[in-house]
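Novice:
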Amino acid sequence: MIEDKTFKRVIREFKLRDENEQKLLLYLFPRFDITADQMSNILSNDRINVSITASLDDIVNNPYIIFEQYVGYDNDDTIPFYKIDNGILPSPELGLEAILEKDSAERLRALCVDELNKIASHSFANASTVLANINKRLSRMADWMKHEYKMQNFIVDWDVLSEALYIREDNSKVQYLYLKHVYEDERIIENTFKMLAERPDITIKVPIDEKRFIDKLNKSPELMRLAKEEYESILRNQARICMQIFTKPISIISGAAGTGKTTVIEAIIENIVRVHGFGTCFLIMTPTGKATERVKRQTGKPSSTIHSFLAQNDWINDNFTLKRLGGSQYSDVNTIIIDECSMIDLNVFATLIRAINWNSVQRLILVGDPNQLPPIGRGKVFVETIQWLRENYPKNVGILKDNIRQLLNKVLDNGTHILNLAQVFIQEEQAENQEIQMLKEQLFQTIQGAGDIDKDMSVYFWHDKSELDALLKSVMIQDMEKMTGIDYVEGDENKLWRTAISDSNKKPQPEKIQIISPYRGEFYGTDEINRFMQSTFNGYWSNRYSIDGIGCYDKVIQYKNRPKSDLAYAYNLLNKRVERVDIYNGEIGTVSIHGFDREAYKNNKLWKINRFQVKFSGTNREHYMYNYGKDLGKDYSGKWIPEQKPIDNLELAYAISVHKSQGSEFDYVYIVIPKRDSHLLSMELIYTAITRAQKHVTILIQDDIGTLANLSRLEKSAVKRINSSVFEFNPLPEEFIYFNNWYAEGKKIATLTDYLVRSKSEAIIANMLFQYGINFKYEEPLYAPDGSMYIPDFTVTFRGETYYWEHVGMLNNAKYKSHWENKLQWYNKHFKDKLLITYESDNLSIDAKNIIEKYR
């Protein structure tokens, strides 16, 4: 009887649904192996919250839309192409008809979307390459699913393809494929920035001058006392930049770590208030909570994360994707300042532009370091904007080149190697600084010695897991003894660690010490290092009391955004109440016992502990203890707080990835660099990791200096290898995007050397070597029998013999000349008769040709 009623209710509910819902439930969804929750999300009137903008009628006619648009609520909530494809083109053995033909335009569109989603950093790709990948994929499928599409399909089927794709041609009529929404995002950024750049300069009625800026920029009494002349020169340069951009409707402040970007912004803000009055409305944003807090602390102005601003203005869906329509436009602002712009991807930038009424905006100031890691998402908007403005509106760009932090470290004798080494991994320096090769060799020679390199840097080498673990433990214990003044006692690792990451009042300071690794997996990745660190420095507590692998006194990081739409529970220490409070991905804290469990803790009844609290760092978190676990009590409104699993929000943070460290600063940083040729390792990644350290960096390198040397070459720049077209449509050569070693690839080496060598002279030599079929390596470290090292421009092979080719220029530079003379003596001592030399001259091609023909 009960079963009969249930069945009748289900039938009634089914009949109440419209025709498209019935078709989806009865005929389509059963084909696709998707969950009940996914079905419900697709059918919902609020399907926009899983990013579906299509109507149910559209989905019935083309079920591939489910794959193209669906974005679930977590990483596991996905609907891949193959699930939809298998349902649309089922095996003949199942007796089901195909919904669409195997050569349909809808299938081609979905396949193109899938391929373009795989290259997540690029805005577009070569259409023929995309098609080749698709056909290769289809050739491996079952016979009833096999097909070979042609380039002509992009013309014949464009009415269907254009709903999700966009095609663009370069000057050679080569076609490139965009996701349609990516192309639209680029255009809204381009049009808005061009509109701002074309506005007349801002009218001011109160005078400004360099002295007023200098008064605000002067923040270092030590430098004024110990290096007055150099510091005053830097202040004058900064003041000139402030004057230059002050009246520009759009401007950029760009500079490497330590050049004083935030101080410059502070000076500009104070003068904007002075010139335009205290009624000036500022909107200051950054991509991360940590960066927001730093800017707020230094400028004294309210600031927020970009995602928080977008959420407040209804531009974020429930699944945390960004809306393209429907949010409100913010108007109550006339000055917008965005910091850490290098971290902001194309989609976030475009949504931010959609969320602002630009008629009310007087100034947009973009601030950042273009040498850091490119965004995790698509594009390189900040880098492209700098390039475009420098070419078309050079006065709108302020490049800070003088390094204040480096000067201060020098005069206070705190060590200068952090920023010296960082300079080697600045891709702009590779092209503009002719002394960079000399600096690189000198630094790497110093680093080779291992141990304490300078007061701000130590370097150690390891071979395998046991050596890495032993090094981490011994070096960190040694450093923590110096920090705390406590002598290490075996078994008291937890006490030493807790003291080291606390201030003199025993207040936790978890960001004093940070391990950084490029990887998550493998024994040198963050997961394994976190397990090692937890067992080594918090083994007592993590073994006795933990929830989902997180124990009392562990260092943790929030990895899930909890904005206004999904606030976390926290205990307010001021009013003694539980409140709903925001917390964002990337915030770091330490774990402590929850107040409800203190009695169990005191009585050593650890099995009764099933909740804890986290104290996150930062002034805006100072009065809150964030609650995790079971039975957390009642909130401010009197409602019982539901269970919160820590695993849904937190993970261990003794070690974090370089990407997660971006936007943060730590006193002592330990960087693990494995010997591995991977696309994850880049010039910008090493630069970002090194510049997270404020006081001291310890670099732990596998085997030898080779990995660092390799990553200092231009071919390892992640930024340079991104196809993006916010302003200029200049597609990169296919070989440049997909090569491993440019000198070994071959097909378009003349083109590639334009991107990858340091000078035109080196490009001439590289191309001639290739044309003559001579095997060579570029900037490969060369070790002498005594362990000393230099980096030849080219290592070449003639008749089975190895030679080293150096191209010598800048002999009119005293430093360079002295360095070359030392290098020449080294060659004569260790590799006599193996050195080939060319000099800078108009006859370089002839000289190079003569050498090649003599030895080949």
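Quick note on the numbering used here: the sequence shown kicks off at -19 and runs consecutively. Each residue gets a CB set at the ideal place from its N, CA and C atoms; glycine is no exception.
Compare the beta carbon distance of Glu166 and Val706 with 9 Å and say whether it is the shorter of the two.
Specialist: In this structure, Val706 lies closer than 9 Å to Glu166 by Cβ.
Novice: Helix or strand or just coil, what does DSSP make of Tyr44?
Specialist: helix
Novice: In angstroms, rounded to a whole number, what distance separates the CA positions of Ile286 and Pro543?
Specialist: Between the C-alpha atoms of Ile286 and Pro543 there is a straight-line separation of about 11 Å.
Novice: Take the Cβ of Lys727 as the centre, count every other Cβ of all protein chains shown within 10 Å, and call the residue buried at 16 or more, exposed below.
Specialist: Model confidence at Lys727 stands at a pLDDT of 43, short of 50, so the residue's coordinates are unreliable and nothing is read from them.
Novice: CA-CA distance, Ile333 and Ser308?
Specialist: 11 Å
Novice: Short check: CB of Phe441 to CB of Asp657, under 9 Å?
Specialist: no
Novice: According to DSSP, what are the bridge partners of Leu159?
Specialist: Leu145
Novice: By Cβ distance below 7 Å, which residues in the same chain neighbour Asn297 in space, the five residues on each side in sequence not counted?
Specialist: Ile28, Asn29, Ser31 and Lys303
Novice: Alpha carbon to alpha carbon, what distance is there between Asp382 and Lys199?
Specialist: When rounded, the distance between both Cα atoms is 15 Å.
Novice: Can you check DSSP and say which residues form a bridge with Ser697?
Specialist: According to DSSP, Ser697 bridges with nothing at all.
Novice: Below 8 Å CB to CB, which residues in the same chain sit around Glu664 once its five sequence neighbours on both sides are set aside?
Specialist: Asn351, Gln352, Leu353, Pro354, Phe405, Gln407, Ser697, Ala698 and Val699
Novice: Mind reading off the beta-carbon distance from Ser231 to Gly378? Whole number of angstroms is fine, and I expect it under 8 Å.
Specialist: 7 Å
Novice: What number of angstroms, rounded off, separates the C-alpha of Pro713 from the C-alpha of Thr775?
Specialist: 25 Å
Novice: Figure out for me which residue from Thr58, Gln422 and Gly269 has the closest Cα to the Cα of Ala689.
Specialist: Gln422
Novice: Hey, could you find the ends of the alpha helix (DSSP H) Asn372 is sitting in?
Specialist: First-last of the alpha helix (DSSP H) with Asn372: Val361 to Asn372.
Novice: How long is the line joining the alpha carbons of Asp827 and Lys809, rounded to whole angstroms?
Specialist: One C-alpha to the other measures close to 25 Å.
Novice: Please state whether the Cβ-Cβ distance between Lys844 and Ile466 is less than 9 Å.
Specialist: In the structure as shown, the chain begins at -19 and stops at 836. Residue 844 is therefore absent and cannot be evaluated.
Novice: Under a three-way DSSP split, which group does Ser284 fall into?
Specialist: Ser284: strand per DSSP, three-state reduction.
Novice: I'd like to know if the segment 240 to 252 and the segment 417 to 435 are in contact, where contact means that at least 3 CB-CB pairs between them fall below 8 Å.
Specialist: no
Novice: Would the segment 424 to 435 count as touching the segment 256 to 267 if we require 3 or more Cβ pairs under 8 Å?
Specialist: no
Novice: Could you please give me the residues that DSSP links to Gly378 through a beta bridge?
Specialist: Ile233
Novice: What is the C-beta distance between Phe12 and Ile64, in whole angstroms, given that I count them as a contact (C-beta under 8 Å)?
Specialist: 6 Å
Novice: Looking at the unbroken alpha helix (DSSP H) that takes in Gly269, where does it start and where does it end?
Specialist: Residues Gly269 to Thr279.
Novice: For the candidate residues Glu491, Ile317, Asp57 and Asp(-2), whose alpha-carbon lies nearest to that of Gln342?
Specialist: Closest option to Gln342, Cα to Cα, is Ile317.
Novice: Report, in whole angstroms, the separation of the C-beta atoms of Lys3 and Val40, which I expect to be a contact under 8 Å.
Specialist: 5 Å
Novice: So what does DSSP say about Asn106, is it helix, strand or coil?
Specialist: strand
Novice: Assign His787 to one of two classes, buried (16 or more other C-beta atoms within 10 Å of its C-beta) or exposed (fewer than that).
Specialist: buried
Novice: Please confirm whether Gly238 has its beta-carbon closer than 9 Å to some beta-carbon of chain D.
Specialist: Annotation note: the requested chain D is absent from the structure, which comprises a single protein chain.
Novice: In this structure, does DSSP put Val652 in helix, strand or coil?
Specialist: strand
Novice: Short check: CB of Leu345 to CB of Tyr310, under 9 Å?
Specialist: Reading off the sequence shown, one finds Ile at residue 345, where the question assumed Leu. Their beta carbons are not under 9 Å apart, which means Ile345 does not touch Tyr310 by this criterion.
Novice: For Ile636, list the residues DSSP reports as bridge partners.
Specialist: Ile496
Novice: Pick helix, strand or coil for Asn293, following the three-state DSSP scheme.
Specialist: coil
Novice: Is it buried or exposed for Asp444, if we count other Cβ within 10 angstroms and need 16 for buried?
Specialist: exposed
Novice: Met19 by DSSP, collapsed to three states: which one?
Specialist: helix
Novice: Can the beta-carbon of Thr771 be found closer than 9 Å to that of Pro761?
Specialist: Note that residue 771 is Ile in the sequence shown, not Thr. It is a contact, given that the beta carbons lie within the stated cut-off.
Novice: How would you write the range of the beta strand (DSSP E) that Met437 sits in, first residue to last?
Specialist: Met437 to Trp442
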